[in-house]
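J.:
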Amino acid sequence: MTDTPTATHTGTPEDTHTATSTETGTATATNTGTPTETPTITPTMTPTLVVIVESGQTRRWADNTRACSCEEYIRPSNPAYAYSGATGDGVYSIEIGGDIFDTYCDMTYDNGGWTLVLLNSSHATPPQPYWDQVVNLQNITGDLFDGLTAFDMFLGVKFWNQLGDVLRVEAGAGPASLSHRSTYTFSLNVPDHFAISLSNENILIHTEGTASPGLYTYHNGRRLTTRDMDNDAYGSGNCSHAANNTAWWYGSCWSGSFWGSGGAGGSQNKPYWTGSGSGGEYFDWGAMWVR
-8 MTDTPTATHT GTPEDTHTAT STETGTATAT NTGTPTETPT ITPTMTPTLV
42 VIVESGQTRR WADNTRACSC EEYIRPSNPA YAYSGATGDG VYSIEIGGDI
92 FDTYCDMTYD NGGWTLVLLN SSHATPPQPY WDQVVNLQNI TGDLFDGLTA
142 FDMFLGVKFW NQLGDVLRVE AGAGPASLSH RSTYTFSLNV PDHFAISLSN
192 ENILIHTEGT ASPGLYTYHN GRRLTTRDMD NDAYGSGNCS HAANNTAWWY
242 GSCWSGSFWG SGGAGGSQNK PYWTGSGSGG EYFDWGAMWV R
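Numbering (the working numbering), first residue to last: -8 to 282.
1) Whole-angstrom Cβ separation of residue 65 and residue 103, contact assumed at under 8 Å?
2) Just to confirm the assignment: which complete beta strand (DSSP E) runs, minimum length 3, are found wholly within the segment 133 to 211?
3) Going by alpha carbons, who is nearest to residue 84 out of 119, 45, 122 and 151?
4) Look up residue 286 in the DSSP assignment and give the residues it is bridged to.
5) So the alpha helix (DSSP H) residue 231 belongs to, where does it begin and stop?
6) What are the boundary residues of the beta strand (DSSP E) that residue 111 is part of?
7) Give the C-beta separation of residue 247 and residue 205 to the nearest angstrom, bearing in mind that I take them to be a contact with Cβ-Cβ under 8 Å.
8) State the beta-bridge partners of residue 72 as determined by DSSP.
9) How would you label residue 278, buried or exposed, when you count the other beta carbons within 10 angstroms and need 16 or more for buried?
10) When you compare each of 207, 237 and 132 to residue 175 by their alpha carbons, which one comes out closest?
11) Is it the case that the segment 94 to 103 contacts the segment 56 to 73, given that we only count it when at least three CB pairs across the two stretches are under 8 Å?
12) Against chain B, does residue 152 count as a neighbour if the rule is that its beta carbon must be under 9 Å from one of theirs?
13) Could you check if residue 19 is buried or exposed, using at least 16 other CB atoms within 10 Å of its CB as the buried criterion?
14) Return the bridge partner residues of residue 272 from the DSSP annotation.
15) Buried or exposed for residue 267, going by 16 or more other Cβ atoms inside 10 Å?
16) I need the boundaries of the beta strand (DSSP E) containing residue 96, first residue and last residue.
17) In this structure, what does DSSP give as the bridge partners for residue 250?
18) Could you have a look at residue 130 and say whether DSSP puts it in helix, strand or coil?
19) Quick check: what's the CA-CA separation for residue 78 versus residue 91?
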């Protein structure tokens, strides 16, 4: 009996082993191993978006910041923010240049994003601001948080241009019962006492009376006047004094002021679409919005 043992070991990076023995026969064993590592999978984290929350009676971003307009809330330019959470029409907190104020946002009509800048609801005494107040402050009488028929408002005009360049003007028996609505490309000329400039009229609702408001046909291009800053064209006094100290873009004096006479004289304390006095076209409710 002849025994001839033979062993062969071949090492390679793949770690291949071959063993052969002969004992009145041949036995062969082969082991091929390729070590593999399980890759580490890092989960993709979806960033948490900042949404809108209620804070008291108003709304703001959840990180305690505020948008610079109603348009910025509904279509935020920062992708880290989202119009989600406590959304819809209502009172929002706005911040422009470090100034913070509350106002009403219309988030429904025409894709939303409308910031309320002026309102006469006929259910409150109209604001009677001095020049510094009508420029810099949110001027409100009544209750801002009780709906669009419970307060009057004149937002400081230094904010208007920063809210957008489209002005929406409307009037009627109430916010849900309008007789007029129109929009304009607009701006306020700050150095020229916030003179108002309106163009590109678009009449959207016209169910009675005159289609175009006096704001467009008579007051367009006029300077803003207050009880202590007479910039009107009336040579015999301050038009604001004849209208219960209300602020407006008076000429000599007005035809279509949203304050009417402010409760003084022969005109109503109501928003006038055109004209003045008993012959003017006035309504119980009127508002101006910017986007």
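Ideal placement from N, C-alpha and C gives every residue a C-beta, glycine not left out. Since the model is a prediction, treat every value here as computed from it, not as a measurement.
T.: Taking the geometry as given:
1) Counting from 1 along the sequence shown, the entry for residue 65 is found at position 74. Counting from 1 along the sequence shown, the entry for residue 103 is found at position 112. Yes, they are in contact, since the Cβ atoms of residue 65 and residue 103 sit about 5 Å apart, within 8 Å.
2) 142 to 146, 157 to 165, 168 to 180 and 186 to 197
3) In the sequence shown, the residue the question calls residue 84 occupies position 93. Closest by alpha carbon: 45.
4) Since the first residue of the chain shown is -8 and the last is 282, residue 286 is not available in this structure.
5) Taking the first residue of the sequence shown as position 1, residue 231 is located at position 240. That run of the alpha helix (DSSP H) goes 230 to 233.
6) Start at 1 with the first residue of the sequence shown, and residue 111 comes out as number 120. Residue 111 -> beta strand (DSSP E) spans 105 to 111.
7) For the purposes of this step, residue 247 is taken as the residue at position 256 of the sequence shown. For the purposes of this step, residue 205 is taken as the residue at position 214 of the sequence shown. Indeed, because the Cβ distance is near 2 Å, the residues count as touching under 8 Å.
8) Counting from 1 along the sequence shown, the entry for residue 72 is found at position 81. Paired residue(s): 41.
9) Here residue 278 is taken as the residue at index 287 of the sequence shown, counted from 1. Result: buried.
10) Stepping through the sequence shown from its first residue, residue 175 is reached at position 184. Of the candidates 207, 237 and 132, the one whose C-alpha sits nearest the C-alpha of residue 175 is 207.
11) Segment contact: the segment 56 to 73 against the segment 94 to 103, three or more CB-CB distances shorter than 8 Å; contact assigned.
12) Judged by its chain identifiers, the structure shown contains no chain B, having just a single protein chain.
13) The residue labelled residue 19 in the question sits at position 28 within the sequence shown. Note that residue 19 scores 45 on pLDDT, short of 50, meaning its location in the model is unreliable; the coordinates nonetheless yield the value given after this. Looking at its Cβ environment, which holds fewer than 16 other Cβ atoms inside 10 Å, residue 19 is exposed.
14) Taking the first residue of the sequence shown as 1, we reach residue 272 at position 281. DSSP output for residue 272 lists 265 as bridge partner(s).
15) One-based indexing of the sequence shown puts residue 267 at position 276. Buried: at least 16 other Cβ atoms inside 10 Å.
16) Taking the first residue of the sequence shown as position 1, residue 96 is located at position 105. From DSSP, the beta strand (DSSP E) with residue 96 extends over 90 to 97.
17) Counting from one through the sequence shown, the residue named residue 250 turns up at place 259. In the DSSP output, where bridge partners are listed per residue, residue 250 has none listed.
18) Stepping through the sequence shown from its first residue, residue 130 is reached at position 139. Correct three-state label for residue 130: strand.
19) Numbered from its first residue, the sequence shown carries residue 78 at position 87. Numbered from its first residue, the sequence shown carries residue 91 at position 100. Going by the C-alpha atoms only, they are around 19 Å apart.
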